[in-house]
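Read the structure below first, then the notes.
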Amino acid sequence: MIKVKKRKFLLLPGDGIGPEVVGEVKKIIQWFNKNKSLDFEIDEDLAGEFHMINMDSYY
């Protein structure tokens, strides 16, 4: 049996590619995991202005 390395995605919604786009990408990855028996791992974090707004020290 061939051992397949687990693939990881880091989703970073931020300036230019916002949360609405990244949210749809996440749905596509989850669809492939469910319907095509794939095992992609998803990590998420914020980038750009979205990251700065969520930091207490921004203001």
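In terms of the numbering used here, the sequence shown is residues 59 to 117. C-beta: ideal position from N, C-alpha, C; glycine also.
Please identify the residue among the options whose C-alpha is closest to the C-alpha of residue i.
i	options	result
V83	N93, L68, K94, D97	L68
Determine the extent of the alpha helix (DSSP H) in which residue i is found, giving its start and end residues.
i	result
I87	77-93
Indicate whether at least one CB of chain C lies closer than 8 Å to the CB of residue i.
i	result
L96	No chain C is part of this structure, which consists of one protein chain only.
Report the rounded CA-to-CA distance for residue i versus residue j, giving the unit in angstroms.
i	j	result
P77	V62	30 Å
L70	Q88	16 Å
K92	V79	20 Å
Provide the residue span of the beta strand (DSSP E) that contains residue i, from first to last.
i	result
F67	66-69
D101	99-102
Less than 8 Å between the CB atoms is what I'm expecting for residue i and residue j, so what's the real figure, rounded?
i	j	result
K64	D97	6 Å
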